[in-house]
Structures are given as structure tokens and as C-alpha cells.
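1 is the number of the first residue of the sequence shown in our numbering; add one for each residue after it.
The structure appears right after this line, and notes come after that.
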Amino acid sequence: MRLTLVRLRFESPVRVGNEDLIDAITLFRALMSSLAQLGEDLSELFEGVRLSALYPVINGVPYLKAPVRRVKCDRDRREEKEAKSREFIALPKLVEVLKLRPPAAVECSGEGYVWEDGQKRVEVKKEGETAKLGDFAERVVVYRNRIDRATGAADPFSFPAVVYKAEMGFLAQGWSKKLGRALKLLSETGIGGDRNLGYGRFKVVDEKEIEVGDFRSEYRYLTARGWAEGDFMAERLDNVTIYAGGNISMGVYMLTLLPAGSLAKDVKPLVLRGDNQAVVVNPVTIPT
């Protein structure tokens with residue numbers, strides 16, 4: 001199974017509400033806006049393209065959210081807490097873990113962790129194969145001041161933002177040169193909120209195909225928020241408020257979606273179309 005890994009280097013903080021990572025839904029919307037500015041047809045995004053959320057890329061290796069798991073470290077509660085905080089796992093090791101029967105059990109073992117399903121086991125090193133959110137992202141509070149035009153008085157305010165300390169990247173199916181041009185435009189205009197103030201600017205490091213590995217599994221792993229019919233395993237359900245924006249007639253939608261790292265038997269693409277834009281929920285899954 002081959003996917004395209006697109007690596008980015010952010011040059012300014014990013015405003016994505018209360019999120020720490022940019023979800024695939026946001027990436028779809030941003031790319032649609034860039035394609036529209038370039039005068040390109042948007043149908044390609046609806047039909048053959050899938051994206052992941054944005055993840056850290058450390059030493060050239062993407063680290064994705066750990067799949068649904070049962071963590072139990074009997075020796076020390078602090079070790080168990082540390083294991084749960086290591087939410088990200090290197091992609092090559094993730095593929096090995098996904099071959100286990102879900103949900104796998106995770107136990108602390110020396111300098112790492114053992115994932116096992118009662119029949120098979122996979123050893124995962126703590127350093128070099130797992131990561132915590134704080135290893136690559138820092139949430140900051142930005143303070144600003146504006147002037148009330150009616151009274152001339154100062155009106156200080158603040159808002160949260162995220163600073164990415166490592167390269168970030170996403171996985172894509174159906175990536176094309178047209179989408180690469182749209183991404184280049186997006187890098188200059190920025191992604192997220194307050195783009196007019198310079199937030200969300202980045203550089204495209206490179207785009208390259210990577211081999212993820214072919215295997216069979218009863219469940220598929222979601223690399224971003226997704227919608228499923230039938231059986232699934234998830235640590236929670238995300239209530240996602242999606243604003244149509246602009247002059248679109250479809251208004252505001254509240255979607256209940258599976259978060260990244262969930263496992264589902266049947267993942268369905270979901271496209272909510274408005275007058276001239278759409279919301280796309282169609283993440284990359286492993287295996288595809």
C-alpha cells in the first residue's frame with residue numbers, strides 16, 4: 001500500500017480553536033479554498049482524494065495517534081500514566097501493531113512497551129518509536145490589544161494558539177500536482193484562524209511516496225476523524241461543529257464522528273455540499 005507523505009515546516013503559530021492538531025476536515029476545506037482561488041475544479045477532492053490529520057514527522061518518520069488500546073502497567077501507576085500520555089507511535093511500528101487483534105493490551109516493559117493480543121506480541125520502544133504531544137507541540141496564549149472606535153479605549157484580549165516545534169505532515173491518497181499547487185498557495189495564505197495576522201504560515205518541505213505495507217485486518221484504522229457504519233472501537237465520540245461559512249446555505253452542522261486512532265469495520269465517506277463549497281469527511285485508513 002503506497003501513500004504520499006507531505007511534510008510541512010510551520011513558520012508561525014496556528015489557530016485551530018481548542019484543537020492541538022489540524023484535522024483532515026480542516027485540510028480538505030483549506031485545499032478547496034486554494035483550488036477555488038486557482039480556478040480549478042473541486043470534484044477531484046470529493047471523488048478520489050483522502051487525507052489524514054496533521055502529525056509530527058520526526059527524523060523523516062511520521063508519528064500517528066496510537067490505536068485503541070488497553071493500558072495496564074502493574075509496577076507503577078506513574079508508568080501507566082506515562083504510557084497513556086505517549087499517544088503517538090511511529091508509522092512502521094503502528095503497522096505492526098495494527099496486525100494484532102484489537103483492542104490490544106499494552107504493558108510496560110523496561111525501556112518500552114509490549115502490545116499483545118493473547119497470541120502475538122509487538123515490542124515498542126519508548127524513545128524513538130513513541131512520542132507525547134509536548135514533544136512537538138506547545139499550546140500558547142497570545143495577548144493582543146484593539147481600540148474601541150466609539151470610545152477610543154483599549155480593549156485587550158487573548159486567544160490560544162499552537163506552536164509546532166517539529167516538522168509536521170499528512171498522508172494522502174490520490175495526491176496530484178494540482179493539489180500540490182493548491183498546497184503551495186495555502187502555505188503563503190496560511191491555515192486556521194487569523195491568517196491576515198500571519199498565523200498558520202508554513203513551507204512545504206517535500207512530497208514523496210512511501211510504502212506502508214499490505215496486510216489484512218478485520219478493522220481499519222482511522223488516521224483522522226471519520227464516520228462509520230457497523231462495528232467500531234473508539235475511546236470516545238467527537239461532537240464536531242462544522243460551520244459552512246461564506247454565503248453557503250447549509251448553515252451549521254453538528255457531526256458525531258470517531259476520532260483519529262479509532263478502529264472501524266466499514267468507514268464511509270461523507271460529503272456535505274453547499275452552494276459552492278462542501279465539508280468532506282473521508283480520512284485515509286490503514287489498511288485502505
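Virtual Cβ for every residue (Gly too), placed ideally from N, Cα, C.
Keep in mind that this is a model prediction, so the values were computed, not measured.
Check: Where are the beta strand (DSSP E) runs, 3 residues long or more, that stay fully inside the segment 146 to 208, in chain order?; Outcome: 154 to 164, 167 to 173
Check: Tell me F10's beta-bridge partners as DSSP assigns them.; Outcome: F202
Check: Under three-state DSSP, which class holds G226?; Outcome: strand
Check: Can you tell me the Cα-Cα spacing of K99 and P156, whole angstroms?; Outcome: 52 Å
Check: Among R50, I191, L31, which residue has its Cα nearest to the Cα of R2?; Outcome: R50
Check: Nearest to E127 by CA position, among V142, E138, E111, is which residue?; Outcome: E111
Check: Among all the DSSP beta bridges, which residues are the ones paired with F232?; Outcome: A264
Check: If we ignore side chains and look at the alpha-carbon of each, how far apart do I89 and E107 end up?; Outcome: 15 Å
Check: Look up T90 in the DSSP assignment and say whether it is helix, strand or coil.; Outcome: Here residue 90 turns out to be Ala, not Thr, going by the sequence shown. The answer is strand: DSSP assigns A90 an E or B state.
Check: Taking just the CA atoms, how far does S12 sit from R181?; Outcome: 21 Å
Check: So which of S217, F159, K65 has the shortest CA-CA distance to R101?; Outcome: S217
Check: If you draw a straight line from the C-alpha of P56 to the C-alpha of T223, how long is it?; Outcome: 13 Å
Check: Keeping to the same chain, check which residues put their C-beta closer than 8 Å to that of S109; ignore five residues upstream and five downstream.; Outcome: E123
Check: Quick check on the burial criterion: 16 or more other C-beta atoms within 10 angstroms. Buried or exposed for R15?; Outcome: buried
Check: State buried or exposed for L263, treating a residue as buried only when at least 16 other CB atoms are found within 10 Å of its CB.; Outcome: buried
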